Structure formats: structure tokens, C-alpha cells
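Each protein sequence line maps, in turn, to chains A and B. Here the numbering used here is used: the first residue of the first sequence is 10, the next is one more, and so on. Here the numbering used here is used: the first residue of the second sequence is 813, the next is one more, and so on. No residue lacks a Cβ here, since even glycine has one placed at the ideal position from N, Cα and C. Since the structure is predicted, the reported quantities are computational estimates derived from the model, not experimental observations. Taking it in order: structure first as C-alpha cells, then the write-up.
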Amino acid sequence: MTKNRSIIDKKIIKASIIEAFKKLHPKTQIKNPVMFVVYMGSIFTSTIFIKDILSGSFDGFNFQIIIWLWFTIIFANFAEALAEGRGKAQADSLRKLKSNTYARLFVNGSEKKVLSSELKIGDLVICESNDIIPIDGEVIEGIATVDESAITGESAPVIRESGGDRSAVTGGTTVLSDKIIVKITAEQGDTFLDRMIHLVEGAKRKKTPNEIALSILLSGLTIILLLAVATLYVFAIYSKNISGDQFDVTLTVLISLLVCLIPTTIGGLLSAIGISGMDRLVTHNVIAKSGRAVEAAGDIDVLLLDKTGTITLGNRMATQFIPLDGVTENYLAERSQLASLSDDTPEGRSIVVLAKEKFNFRGRDLSHFQIVNIPFSAQTRMSGIDINFDKDITTSLRKGAAFSMKQYILDHGFDFSESLEKNIKQLALEGATPLIVTENGKPLGIVKLKDIVKGGIKERFDQLRKIGIKTVMITGDNPLTASAIAAEAGVDDFIAEAKPEDKLNKIREEQSEGKLVAMIGDGTNDAPALAQADVGVAMNTGTQAAREAGNMLDLDSNPTKLIEIVEIGKQLLMTRGALTTFSIANDIAKYFAIIPAIFSTLYSLGAINGPLSKLNIMSLHSPQSAILSSVIFNALIIVILIPIALKGVKFIPSSTSKVLVRNLLIFGLGGLVLPFIGIKLIDIIVNFLNLV
Amino acid sequence: MLYNNLFQIVVLITLLVIVCPILGYYIFSIFSKEENSIKNINKYWHPLFIFSKIELLIYKICKVDKLQNMDWKKYLFSVLIFNFFGFVLLFILQMIQKWLPLNPQNLGNVPIDLAFNTAVSFVTNTNWQNYAGETTMSYLVQMVGLTVQNFLSAGTGIVVVIALIRGIANKESNLLGNFWVDITRSVVYILIPLSIVISILLISQGVVQTLQPYQNIETIEGVNQTIPLGPAASQVAIKMVGTNGGGYFNANSSHPFENPTPFSNFIEMFSLLLIPMALPFTFGRFVGSKKQGRTLFFTMFGLLLIGFIIMLFSENYLHPILQQSGIMEGKETRFGIVNSVFFANITTAVSCGAVNCAHSSLTPISGLILMLNMMLGEIVFGGVGAGLYGMLIFVLLTVFISGLMVGRTPEYLGKKIESKEIKMAILAVIIPNMVILIFTALALCVPSAYSQVSSGGPHSFSEILYAFTSSAANNGSAFAGLNGNTPFFNIFLGLSMIIGRFGVIIPVLIIAGSLSNKKIIPKSLGTFRTDTPLFAFILIAVILIIGALTYFPALSLGPILEHLLMKSGIIF
């Protein structure tokens, strides 16, 4: 999937033109009430026209009107086809990944070559370098680098390993190195790839609640205008009779008026807007499981963000050794490194690295020592090693957070000294995390772990605040550290020392106040919260459970993506509102073009023009050219607005009233003025070409 | 002269702007709690003490369970059944008035089609009158039938809007209140006390109030003339306060016994605007934001002012044929141009329908404004209650479109506006418009109908368009010229009044029920604000555009055409 695809792609346009004609099928047309009225109108006028031809009369004006009425429908079809076409092109490239390959089924310790379509849930498959992973599954053994670029567009390979949060693999991706055993978790036809193809293709697309509401509004307007035009026929005949004038109001003219008045612009582009909204998400490498989720994204009030990886760069890093009195920094660094050797958490590794960088402690040969690794446990909340430098004397090196180490130090009969306390407090105020390192219970010093706040994140949060979204940071840190980072990153609120269920509780709490909450998560323990959130974005690197629970999936696994998702959701609604306003505002000009045209001779009392021709404020050339120009304008405006429908109205984060005024000026006032100019210009061209 | 008259209007509006917020708060206290929260009402010295006793007495007699709280279905059912029985009673009363007491002129029974039209007309708060009161209705029918319905139809408007407001203000509850309690309170605490005060003021100006038979008098010229009398003042008071508009006499408020002096005219205009202007403030109190109420008030006021200014210019414009500005045709000299024009503007805007000048004689553009006032759905203050619920319908539509434009699922006062609300709101807009357009078209196809017009040209079209507009919008004023007392008009105007009234009330109560059940989403910076001048501006634009889209073709063949013809020297 390539990023930044342009809207205009010759192949897609060609396919869309064909599709636009195919969509003339009544079954497709009836789904869109506004366009269906145009459709019926076109059929009706065409029938009259054919009848006229059969009786030997040909009216060039009627013929042109009919052509443009059909074009109005075809243009709307084209817009929809174009929006779908972009998805279809993506779906096709995805489908190529699904080519039926052989898989190495692993049964009772031996390998068997089978077709990947024969695999069932629970089967085990072996994948080695250059093997394509047949279907979605979970790594149960081994570690491997996998190329997921086919799906994510990200060329850098990712690591997939058994256990933990990076165990899910996707069918269609390629193993680059090493060997893994994968347990199949999805059935053929319901794999991630299948669902993604469905989604980008729009095959499963249902109208979203907001789209339904807008359709109702548009249908209502259409009914009103239908009534206005239908009764106008009677009013016109009555007026003709009492005035004693001779003039004809043909059905073709009335249908032209109707088509110009009903909101064809938004009606024709409505489904294109919806499809392209989903599609824009895809270009940001986000897959939404429903259109509803995209709309909800625009309404988000609260954003729950994990500190790690979202607000701060990855994990905390050791940045400094702070020895206590009587201990050298060198010694502290060496002991800290030893205590961290068996600790493969990112923090532990960063201590090893820092010691290496600062004091050049290379990996030493420790094989002649007797070493017992003490891994981190929930009870002790510390880790380290027991090492026998001398035969019988065991040196216990421990490190851990201050609150867990305090008791340990006191238990071993050492002081938790004031300077230690002071240092801890100082570090916490800076938003750093102190790790205390001890040797046989005696505190040696502190390793300073620091979070690094991502560049530019503060500005993003400022933007969110402007559009009324509250950000909440979730972290396992203590409140002091959390508040320091919260201040540095500019979030509105934070939850410190958070347990997994805290996320869920926070979401419920905000929701009970009527707010809409979005969150992003990857771990299995995020799954309930992801499911509870109104918009739950799961990361592609996450566990299967998380990916199932969320209603969106971020292929890049980039937590700041949530901000873009919100923008796309808002853009979607804004585009609908803007084009509706535009469409309705257009009608004023069309009335001023067509009404005087129809009644130009009413009460003319022998003169060429009657009083109502004074309403022809655009001074259009003739009644026929006025009507034709309006119909042409009405059809062309659909094509002209396709780019806005597909790209969406520009989103500028600022206060609601500013956004509203801006859109009102562009689409309301613009919609009022533009057709006056457009119809006049077309009228000039129509007369220049002598079309009527 | 002009400035003197305009000054009177300024005084009138100033007075209303002072009184209406207070009245709005008073109405809020009546409906906000199960027990009304008017202070000290149980003390015998309180002016409303007697009314509170009447309220309780009514509950006792009618066996109303004060504590029963209704959902929208029950509430709607009660509204419908109550109005239906009101209709039946009034219908029968007219059909048998000949045999009933208090009929000193021995007026005969009312023909069935006229009785139907009149009964519907008074039940729907329209008061379209296809009859002359003094030659058709007995004192009994006027007092027990028409006047009673004047109170009850106005009360119905108030309770429906109160139910809608409760729906908006409620937090996840399906209860809208008790219809029987609400209707009793609206009549006992609002309509009756106001009517008493206004009747007395009107009597002081010479409006008649008597049960004596009509008087035969020899005039100065020596001609014998019958002077119709009757209990007019009491009916005139409620006709204004309840925005009913049904005149006691045929000439309505231009009759010297209904509106004798400039001051009585002032009182009538004041009382006509009183409740419709107070209700936006009641709304503000209910939703806990006075600013929201004020915004609606100014929106309505803005629309009223636009219409008034256009009419004022139109009436004082140099007439192309008469070569004179300020035409007095059809206007009473005791009121003058400004007071006639303002009266005409507010009576159509406020869905009253009382008239103090001949609307047909106004300039075509003034006639257009009058029709537009009604075509917009009687929301420029509008009928008591009906105006505000009509306006709230437009608010929902406006919120929906502008909410989309700021990129959020639209919400109003914390309530999400979804398909159901939009469906009902658009229905409430379509139904009256549909009636106006289709019935007008129908009348133009039926010779027995379109032959009843009296002028020629576009003016005759306006006469029929005006009639159906006035009836569907439940206004009741007539353009004059059209003879409406024919079976066709009696039946179709009657139908249009019913559909125009309940075709809006039903969707409104469904919306009330739907909104009532919803959560209130707390305000955030991202919420689209509905209490700003910007919102009022957009609301006005939406109202005018929907009105224009629907009626531009029709109006262009009526008043616009007539105006253009007048400019070239042709009048009708």
C-alpha cells in the first residue's frame, strides 16, 4: 500500500467512467433518494422526447436538457465510483498477497506440505526465512524478523516472538530470518487480510448513523421542492388563464427546475464523501472496522494515551549514576551494570549501555563466578543477581524503585539516609525515576532513569485542546513523576500508578458523564478498555486480543495516530455539512434564473417581456438559455466538487465558531454567489456556441 | 406623525421587553415542579390564592392524579383526546344553538360544513371565520363554545411546548409531565388572570360587554340601524392573549366595539405579543441558561423587525398610480398607517389572526410579508406555545447543519440530534407546507372554489394562497375578498387547519420523547454554541432560505407579480 496516492490516477478514472454507466441500474439508483428523483425525471423527459421524435418533431433544446440531466446522474455515479475505485485498487493489490501457497504443517513433530487453504484454526505451521505466513496466527515458539511491508507499507522489518505483546503474525507477510512456529488463529476467508480487503473495497459499507440522518434531511428537502415545483404547474396554468396570455410550461422545463433545486450536489457526492473518509484513514495506514467508528472519532471528548511510546520516546533510559557518599561513580556504574546483566527490560538494558558508554565496561567474562539471577518478581518488586566473587561469600546486588527498596534496606540494618531521600525527591520532581542500587542491602547510589518526551507532541496537544479534546496520560509512574512529565508534555490530566483496570474505569467514568472516549492500546490487558472505548485503536504489533477488541487498527503502530484519526472524523462531518450548505445556497441563484425564464411572457400585454422578467437579474440571454445554463451548471458543479468530496474540507484546528464562520463564508456565501457567476458564464458560452 | 406613531411602537416594545422576562419566569414557576413554585400562593392575601383553590377543585372534580407522570405517548394521547372532545362539543353546540338559551336574536342552527370549519378553527387555535359572528353565533355559542375553546386551544399550545422543553431539559428520563395538570395550570394561572385584567382595560375603553339583545337605533341621518352587542370584551381579551384572533364581530379588531380607541389598540397589540414573547425566557429558565432563551427571543425579534421595516417602506412608498405616499385604503383613521401595519405584521407573525385593517388592501409587498410570516411556520414568536415549538424545530435543523460544519455529531443543549429527531423535524416542516401548496393547487383546479375570489389577476391567486396559508399555519386572519363560506372551503380549510396543527404537534411530542431519553453531553470547547449572535444569524438564514425555497415560485406568481404590475401601472 503506497502512501500519498494522488486523486487522479488514469487507470482508476477509466474504470470509474465505466462503473458510472454501470451504476445507472435502477437497483443502484433507488438507494439514493435525491438522485433517484433526477433519475426518474430523466427517464420521464426522455420518454416524452422519444414520443415527440416518433411523431416527427425534434426539439434541440429538450434534447440538450435531457443529455445534461443524464450527465447529472452519471457525474454523481462517477464520483462514487472514483471513491470506490481508490479502495478497489488497494484491494486488488492486497488480494495478490492471498495467492494460495503451500504451508509447512507441523503435526506430531514432523513437517507436512499442505495447501494453505486447507489449514484450520489451531493448526501449527513452521515458517522460516522467505516463507510467507499462510494465515493469521500467533507465534508459539521462536523469534523471527518479518517483512510486513505488503500490508503496512513500512519497509523496516519487525520482530515477532512468542509470548508477550508481539506474538501476532498476519497472513501474507514474509519471514525474513530465523524460524517460528505459528498457531493458526483465523479461518480462511476471515483473516485480517480478508477483512481489510472488504473494508477498503467498501463491500461491507453500511450507511453510518449521521449519514442516515443527513439523507433524511435531504429527502425531506427534496419532497418540499418536489411539492413546490409540482404545484407550480397548477399555479402557472391558473395564472395563464386569468391573464389570458399564451405561454407554455413544458414538463421538461419543470423537471429541469426540480433537478436544479433539489440538493443534487450533496446528494450526488454523499456516498463518495463517506467512502473517501474511510479511504483517507487507509492512506494513514489505519483500518477502521466500521464507518460508525470514523464518525465517532470526530466527536471524541477525551483521549486516553499511554505515556510510554505515545508521549515519551519508547522507554525510560538510564541517563546518570548518582553515587552516595563514600561510593565512586565508577563503582556504582560497575555494580549497577552487574545487577542489570540479567535484566532484559529496556530499562535494564539502558543501564548496561550507559555504563558501557560512560566507563567503557565491556562484557566481562563471568563464567568462573557462580551467579544466581534474581528476576523481577511482583512480590519483591526488585531484581538483581547473587554473585560469588570469592568462593563462599555471596554478594547480593539489587536494584529497584525507591518504595520497594526502602524496606529491603531497613531490613538489612542500613539507613535510608536523608541524602538518599532528598535525591529521590529531586529526581521525582524532574519527572525522572530513581532506581536504588544496593550491595548486600547497603545502598550504593541511584541510577536516574528519564523519560524523553517526543518532539512536537506538546503542540499537538495544544491543537487538540483548541478543538475541545481533553488528553489524559496513563502511566505506572508515581504521581510526582507523572505530573512532571504531564507538565512537560502539556497533557490536561494524568493517572499515575495506573493498573490495567484503571484505564477501563477511567473510560467508564468519562462515558457516564456523556463523553466520548478514545484510546489506543496494544497489550492483552488493554483489550477490555479498547472494547469499552468509543474509539479503540489497536496497534498492529499488539496481541490478537487487542486487535479483536478495538474498532480500528493502526498498521504503523504509531500511537500519535489517534490525533489524525480524530481529524479525519471531523473532516468527514465537515465535508458533509459544507456541501449541504453549498447545495442549498445554490438554489437562490437557480430560482432567479429559471422562474423569470418560465414566466417571462406572463402579463406581457403585447410587449416582448412581462413583469416577471425583471427578476432576471443575471440578464441571461433568453429563457431557454437560462434554463439550459442552470441545468449545465448543476451537473458540472458535481464534477468540480469531486476533489473536495474525496479530499475533505480542509481541517484547521481552531475554535468552533472560527471554523463555522470560515465554512459558512466559503460554502454558504460562496454557494450563494458562485452560481450567479457560473450560470452567467455558461449562458454566455451557450449563446456563443448557438446551442439554443 | 410618522415619528409619533413609531414612538408608540417603541414604547410598546420597551414595555414588552421589560414585562416578558418576568412573565417568562412566572410561567417557569408554574410548570417547573409538581407543586407549582409560586411563592406564598397558599396565603389568603395572595392575588392568585383563589386560583390555586380553583386548580385543586378542578383536580378533585375531574379526578386528576397530580402525581401521574406521562411519557410522550400518553401525553400525546391526552392532547389528542382532549382536543377531539373539544371539537365534538363545539360542533354539536353550533348545530343545536337554535334550541338553546341565550339566543336573543333567535339565530338559526349553523350549517354542518360551517359548524365543522368553525369547530376545527377554534380547537386548533386558528380562528379562521367563515361567518360573521353577529349574524351567525348565539351568545351561548360565543361564550360557552368559542370563548372556552379560545382558552383551551391556547392552553394546548402552551403545554405542548412545555412538554418539549422538559424533553430537552430532562436527563435520561421518559417522563414529560402530566397533561391534565399542565392544561389546568396554563388556563387557571396564565390565561384567565391575564384575560381578566385585559378585559377590564378594554371595557374601560368602550369595548362592549353585555348580554342585552341588539339595539335598534335611529341614526342622525334618520335611518334605522341595528347595533349588534354582546359579551365582546371578555372574548376579545382571550382572542389576543391566547393568539386566537377570532373576532366577536365580523370586522374583528377594526370594529369600533372591539377596538374603539388608539389605547385599546395598544392594549390589544401588547396582549397579543405578551405570552409568545415570554415563552423564550421560560425556555431559558428550564434549560438553565437565560442566554439560550434570549438568543431565541432575538432571533424571533430580528425576523419580526425585518418584516416590519419592509412593510413600513412598502406602505409609505410613493404609489405609482395614485402619486401619493401613505395609502389609507382599508385602514382605520383612528389607528393610522404605522399602527395598522405593525398590527398586521404581528398578527400574522404571532399566529393571532385578529385584524385591524384590511390585509387585502395593503401593498403587494406588505401582503407578501404577511404571507411569509405564516409560511415560515408561525415561528416569529408565533402562536402561544406553537411559535416556540415551531422555532425549536428549526433550531434542531440549524444545529444539525451547522454542527456538521464544525465536524461534530450535532447536539443541542447536550442532546445529540440523530436520525429520529431529524426525521420528525423535517416532517413538522413538510406537513404544513404540503397542505398549503397542495390545497391551493386543488382550489385552483376546482371551479366552484376559484370562482369565489373577488379580484382579478395575481391578486385573486393571492387570496386563495393566503387562505390556505392562514389556515394551515393556524393563523386565522383572512386576506378578504375570498368568500370562504362554501362547502369546498369549509371542508378543505378545516382539513388544512387540523393537519397544520396536529401534523406539527405529533412530531414535536415524538421529538420531546426521544430527546428526553438522551444523555446530556457536557459542554466542551468543541461544542457548537447555540447562545451566540452567530447562531441567531444562521438560524434566521436557515428559516428564510427554507421559506424562500418552498414559496418563491408561488409568491412570484402572487404578490411579486402584482407588485411588478403595479409598478407598471396595473392594479387589481
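So is residue i in contact with chain B if we call contact Cβ pairs under 8 Å?
| i | result |
| --- | --- |
| serine 664(A) | yes |
| serine 299(A) | no |
| proline 684(A) | no |
| phenylalanine 244(A) | yes |
| glutamine 580(A) | yes |
| isoleucine 331(A) | no |
| glutamate 522(A) | yes |
If you draw a straight line from the alpha carbon of residue i to that of residue j, how long is it in whole angstroms?
| i | j | result |
| --- | --- | --- |
| tryptophan 911(B) | phenylalanine 934(B) | 22 Å |
| glycine 1197(B) | valine 1320(B) | 11 Å |
| alanine 598(A) | glycine 1268(B) | 30 Å |
| serine 1214(B) | arginine 1220(B) | 9 Å |
| serine 1172(B) | threonine 1362(B) | 22 Å |
| asparagine 449(A) | lysine 431(A) | 22 Å |
| isoleucine 142(A) | glycine 677(A) | 53 Å |
| arginine 289(A) | isoleucine 577(A) | 7 Å |
| methionine 1378(B) | arginine 1097(B) | 48 Å |
| serine 1211(B) | leucine 582(A) | Per the sequence shown, residue 1211(B) should be read as valine rather than serine. Roughly 13 Å separates the two Cα atoms. |
| proline 632(A) | leucine 270(A) | 17 Å |
| isoleucine 189(A) | leucine 1209(B) | 58 Å |
| isoleucine 977(B) | isoleucine 1032(B) | 58 Å |
| isoleucine 1382(B) | isoleucine 1133(B) | 8 Å |
| alanine 1353(B) | alanine 927(B) | 40 Å |
| phenylalanine 1364(B) | phenylalanine 1251(B) | 17 Å |
| glutamate 1070(B) | cysteine 1169(B) | 13 Å |
| serine 666(A) | isoleucine 1177(B) | 36 Å |
Residue i CB to nearest chain A CB: under 8 Å?
| i | result |
| --- | --- |
| phenylalanine 1095(B) | no |
| valine 1053(B) | no |
| serine 890(B) | no |
| glycine 1338(B) | yes |
| phenylalanine 1147(B) | no |
| threonine 1252(B) | yes |
Look up residue i in the DSSP assignment and give the residues it is bridged to.
| i | result |
| --- | --- |
| proline 332(A) | Gly454(A) |
| tyrosine 1224(B) | Lys1227(B) |
| asparagine 1036(B) | Glu1030(B) |
| glutamate 1080(B) | According to DSSP, glutamate 1080(B) bridges with nothing at all. |
| methionine 561(A) | Ala297(A) and Val546(A) |
Please check if any C-beta of chain C sits within less than 8 Å of the C-beta of residue i.
| i | result |
| --- | --- |
| leucine 1377(B) | This model lacks chain C altogether, as its protein chains are A and B. |
Segment contact, 8 Å Cβ cut-off, at least three pairs: the segment 344-352 of chain A with the segment 391-401 of chain A: By the Cβ criterion, the segment 344-352 of chain A is in contact with the segment 391-401 of chain A, since at least three pairs of Cβ atoms, one from each stretch, lie closer than 8 Å.
What are the residues in the segment 1349-1369 of chain B lying within 8 Å of chain A by C-beta distance? Per Cβ criterion, the list reads Ile1350, Ala1353, Ile1357, Ile1358, Ala1360, Leu1361, Thr1362, Tyr1363, Phe1364, Pro1365, Ala1366, Ser1368 and Leu1369.
Closer than 8 Å, Cβ to Cβ, to anything on chain A: give me those residues from the segment 1194-1228 of chain B, in chain order. Listed in sequence order: Leu1209, Phe1212, Ile1213, Ser1214, Gly1215, Leu1216, Met1217, Val1218, Gly1219, Arg1220, Thr1221 and Gly1226.
key: Meets three-Cβ-pair contact criterion under 8 Å: the segment 1021-1033 of chain B and the segment 991-1003 of chain B   = Too few Cβ pairs lie closer than 8 Å, so no.
Identify each residue in the segment 583-612 of chain A for which the Cβ-Cβ distance to at least one residue of chain B is less than 8 Å, and report them in chain order. Residues of the segment 583-612 of chain A that bring their beta carbon within less than 8 Å of a beta carbon in chain B comprise Met583, Arg585, Gly586, Ala587, Thr589, Thr590, Ile593, Ala594, Asp596, Ile597, Tyr600, Ile604, Phe608, Leu611 and Tyr612, in sequence order.
By the 7 Å beta-carbon criterion, what residues does the segment 905-938 of chain B contribute toward chain A? Listed by position along the chain: nothing, the set is empty.
query = Residues in the segment 221-237 of chain A with C-beta within 9 Å of chain B's C-beta atoms, listed in sequence order?
reply = Per Cβ criterion, the list reads Ile221, Ala222, Leu223, Ser224, Ile225, Leu226, Ser228, Gly229, Leu230, Ile232, Ile233, Leu234, Leu236 and Ala237.
Q.
For the segment 244-252 of chain A against the segment 1281-1292 of chain B, do three or more pairs of beta-carbon atoms, one drawn from each stretch, fall closer than 8 Å, so that the two count as touching?
A. Result no; under three Cβ-Cβ pairs closer than 8 Å.
### Validate contact between the segment 944-955 of chain B and the segment 879-893 of chain B using beta carbons, cut 8 Å, 3 pairs
Contact between the segment 944-955 of chain B and the segment 879-893 of chain B is absent, because fewer than three Cβ pairs lie under 8 Å.
| Taking Cβ-Cβ distances below 9 Å as the criterion, which residues of the segment 1234-1245 of chain B are in contact with chain A? | Within the segment 1234-1245 of chain B, the residues whose Cβ lies closer than 9 Å to some Cβ of chain A are Ile1234, Lys1235, Ala1237, Ile1238, Leu1239, Val1241, Ile1242 and Asn1245, listed in chain order.
### Sufficient close CB pairs (3 or more, under 8 Å) joining the segment 1173-1190 of chain B to the segment 1092-1112 of chain B
Result no; under three Cβ-Cβ pairs closer than 8 Å.
Contacting positions in the segment 270-291 of chain A - beta carbon closer than 9 Å to chain B:
Leu270: these are the residues of the segment 270-291 of chain A whose beta carbon lies less than 9 Å from some beta carbon of chain B, given in chain order.
- request: Mind the definition here: the segment 260-274 of chain A touches the segment 438-454 of chain A only if three or more C-beta pairs lie below 8 Å; say whether that holds.
  value: Too few Cβ pairs lie closer than 8 Å, so no.
When you check each C-beta in the segment 1260-1284 of chain B against every C-beta of chain A, which residues fall closer than 8 Å? Along the segment 1260-1284 of chain B, the positions whose C-beta sits under 8 Å from a C-beta of chain A are Tyr1262, Gly1268, Gly1269, Pro1270, Ser1272 and Phe1273, read in chain order.
- Message: Quick check: the segment 1110-1126 of chain B against the segment 1138-1147 of chain B, are at least 3 beta-carbon pairs closer than 8 Å?
- Response: Result no; under three Cβ-Cβ pairs closer than 8 Å.
- Query: Relative to chain B, which residues along the segment 306-318 of chain A have a C-beta separation below 8 Å, given in chain order?
  - Reply: In summary, the residues of the segment 306-318 of chain A whose CB is separated from some CB of chain B by less than 8 Å are Gly307, Asp308 and Asp310, in the order they occur in the chain.
*Mind the definition here: the segment 213-228 of chain A touches the segment 39-58 of chain A only if three or more C-beta pairs lie below 8 Å; say whether that holds.*
In the pairwise beta carbon analysis, the segment 213-228 of chain A is classified as touching the segment 39-58 of chain A: at least three pairs are separated by under 8 Å.
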